[in-house]
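Structure record follows, encoded as structure tokens.
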């Protein structure tokens, strides 16, 4: 196997498609958002990307194995905006791999005539939150203004340390190759898979790109995670309270 191999599965003709990247990251926000898009919209897998920079493993589904990789799906929305959605279970395992993988992703985007790129991800707050803001970064001032009009926030020195991995490099390398790119980052605790943050990011993306999806299944997942969070909070409260008085008397 070569360092990278791209398998062609279909060759639809897309009109001015937008690349939407959702690979694993903080809170799995980007991955959840991209997968929800594909669950709700009629898409077709068009490319599979394999690489020696992915973990040396296969995934198993009902006994069937699949080599670690990433998949591109072509989506034609009812509103007329074509999408090229990138999903996968892994990012590269090394710094050089991140750069080379991102270049291959941009090669595929260029092949389909993409000019605008949206990388989706999460930004950790370190604590459980109720209101989910979406932070942004973009390659040019005009794109920043578009994001601000969609209620995306830009905060000085956030995210701390910048944007790492494919999501950051899609902006850095994308700009050098002539793509207009932005990263949408939903606030998330960073502790758990976060469907609410994914929904916040998708709501902004709907506004920016011009499509509509139903959030019912994502909201159901959010309710399940809220139950998990509630139990964690109860356990933390019990631990902070310490043993009851009657227990203390018994020990004494």
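Numbering (our numbering), first residue to last: 57 to 308. Ideal placement from N, C-alpha and C gives every residue a C-beta, glycine not left out. Keep in mind that this is a model prediction, so the values were computed, not measured.
Collapsed DSSP secondary structure at residue i in the structure displayed
| i | result |
| --- | --- |
| residue 241 | strand |
| residue 70 | coil |
| residue 146 | coil |
| residue 158 | helix |
| residue 305 | A caution first: residue 305 carries a pLDDT of 39, below 50, which makes its placement in the model too unreliable to give a value. |
| residue 269 | coil |
| residue 58 | coil |
| residue 153 | helix |
| residue 138 | strand |
| residue 183 | coil |
| residue 275 | helix |
| residue 284 | helix |
| residue 190 | strand |
| residue 176 | strand |
| residue 76 | strand |
| residue 171 | coil |
Burial state of residue i, where buried means 16 or more other Cβ atoms lie within 10 Å
| i | result |
| --- | --- |
| residue 225 | buried |
| residue 114 | exposed |
| residue 241 | buried |
| residue 267 | buried |
| residue 173 | buried |
| residue 148 | buried |
| residue 227 | buried |
| residue 16 | Given that the chain is displayed from residue 57 to residue 308, the structure contains no residue 16 and the question cannot be resolved. |
| residue 138 | buried |
| residue 187 | exposed |
| residue 169 | exposed |
| residue 120 | exposed |
| residue 65 | exposed |
| residue 218 | exposed |
| residue 161 | buried |
| residue 280 | exposed |
| residue 292 | exposed |
| residue 294 | exposed |
| residue 277 | buried |
| residue 243 | buried |
Alpha-carbon spacing of residue i relative to residue j, whole angstroms
| i | j | result |
| --- | --- | --- |
| residue 212 | residue 196 | 16 Å |
| residue 106 | residue 159 | 13 Å |
| residue 236 | residue 200 | 11 Å |
| residue 251 | residue 143 | 16 Å |
| residue 334 | residue 274 | No statement about residue 334 is possible, as the shown extent of the chain runs from 57 to 308 and does not include it. |
| residue 70 | residue 171 | 12 Å |
| residue 305 | residue 93 | The predicted position of residue 305 is uncertain, since its pLDDT is 39 and thus under 50; a value taken from the coordinates is nonetheless stated next. Between residue 305 and residue 93, the C-alpha separation is close to 57 Å. |
| residue 209 | residue 79 | 22 Å |
| residue 308 | residue 183 | Residue confidence is low: residue 308 scores 34 on pLDDT, short of 50, so the model does not pin down where it sits. Its coordinate-derived value is still stated next. Computed Cα separation, rounded: 37 Å. |
| residue 270 | residue 264 | 17 Å |
| residue 96 | residue 261 | 14 Å |
| residue 82 | residue 150 | 18 Å |
| residue 63 | residue 176 | 24 Å |
Interface flag, residue i vs chain B, CB-CB below 8 Å
| i | result |
| --- | --- |
| residue 205 | Absent from the structure is chain B; it holds one protein chain and no more. |
Any non-hydrogen atom of the ligand GTP closer than 7 Å to residue i Cβ
| i | result |
| --- | --- |
| residue 116 | The model depicted lacks the ligand GTP and carries no ligand whatsoever. |
What residue ranges within the region 194-261 form continuous beta strand (DSSP E) runs of no fewer than 3 residues, ordered along the chain?
With a minimum length of 3 residues, the continuous beta strand (DSSP E) runs that stay inside the region 194-261 are 236-244.
At 4 residues or longer, what runs of the alpha helix (DSSP H) sit wholly inside the region 78-130?
Whole alpha helix (DSSP H) segments, 4+ residues: 85-96.
Counting Cβ pairs, one atom from each stretch, are 3 or more of them under 8 Å apart for the region 114-125 and the region 151-167?
The region 114-125 makes no contact with the region 151-167; the number of CB pairs closer than 8 Å stays below 3.
Would the region 78-86 and the region 246-262 be scored as touching if the rule is three or more Cβ pairs under 8 Å?
Output reads yes: the region 246-262 touches the region 78-86.
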